[in-house]
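Shown next, in structure tokens, is the structure this report addresses.
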Amino acid sequence: MTIEQKLNDLGYTLPTPAAPAASYVPVRQSGKLLFVSGQISQGPDGVMKGCLGDGLDVQAGQKAAELCAVSILAQVNTVVPLSQIKAIQKLTVLVASTPAFNEQHLVANGASDLFIKLLGDTGKHARAAFGVASLPLGAAVEIDAIVEIE
């Protein structure tokens with residue numbers, strides 16, 4: 000089963016990749032590594048906005064992180080077919096959250112778990128998760144990635 004088929008089984012369709020919102024490129028390739036710029040929590044209904052700890056709970060944050068992961072795959076797909084992913088090497092997860100919210104690592108699991116469901120061991124990765132005061136366009140979560148390709 001392809002990654003796209005697995006996504007469909009989970010209720011997702013690979014979206015049209017988002018154009019950059021500022022002066023950067025969405026994906027930069029260096030050898031076998033793709034550096035994917037931050038993807039915000041945007042789905043078919045628009046940007047999932049909000050702040051964890053103030054209106055959004057961990058479960059909502061995990062859904063936002065899943066949306067970011069799907070957008071990362073859409074960006075990778077502009078460079079190579081998803082079947083050429085060798086490994087998700089690293090994620091950096093930014094979570095819009097209140098100062099008292101301290102479960103960013105659990106929010107990040109939304110993306111991590113999705114990559115593992117789709118790619119198995121290839122989807123396991125190193126990761127950092129941070130709480131931030133705000134994100135572009137009011138997004139709840141933003142994630143960038145380093146992806147190794149064949």
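Residues in the sequence shown are numbered from 0 upward in steps of one, following numbering that gives the first Met the number 0.
Ideal Cβ positions, reconstructed from N, Cα and C, are used throughout, including at glycine.
Check                                                                                  : Outcome
Short Cβ contact (8 Å threshold) for V46 with G137                                     : yes
DSSP beta-bridge partners of G130                                                      : V94
Three or more C-beta pairs below 8 Å linking the segment 7-25 and the segment 95-111   : no
Alpha-carbon to alpha-carbon, G52 and S29                                              : 38 Å
Backbone secondary structure at L113 - three-state DSSP                                : helix
L66 versus R27: straight-line alpha-carbon distance, rounded                           : 21 Å
Start-to-end residues for the beta strand (DSSP E) that takes in S70                   : It is not in any beta strand (DSSP E) - S70 instead sits in the alpha helix (DSSP H) that spans V57 to V75.
Beta-carbon spacing of V146, L33 below 8 Å                                             : yes
Residues near I2 by beta carbon distance below 8 Å, same chain, minus five either side : L72, L81, S82, I84, L117 and L118
Option in S22, A107, G49 and L93 with minimal Cα separation from F129                  : L93
Residue from G60, G122, A59 and S70 whose Cα sits closest to the Cα of K89             : G122
Bounding residues of the beta strand (DSSP E) (the contiguous stretch that carries D8) : Here D8 belongs to no beta strand (DSSP E); instead the alpha helix (DSSP H) covers I2 to D8.
Coarse secondary structure for D44, derived from DSSP in three states                  : coil
Proximity of G49 and A95 at Cβ, strictly below 8 Å                                     : yes
Residues bridged to A125 [DSSP beta-bridge criterion]                                  : K89
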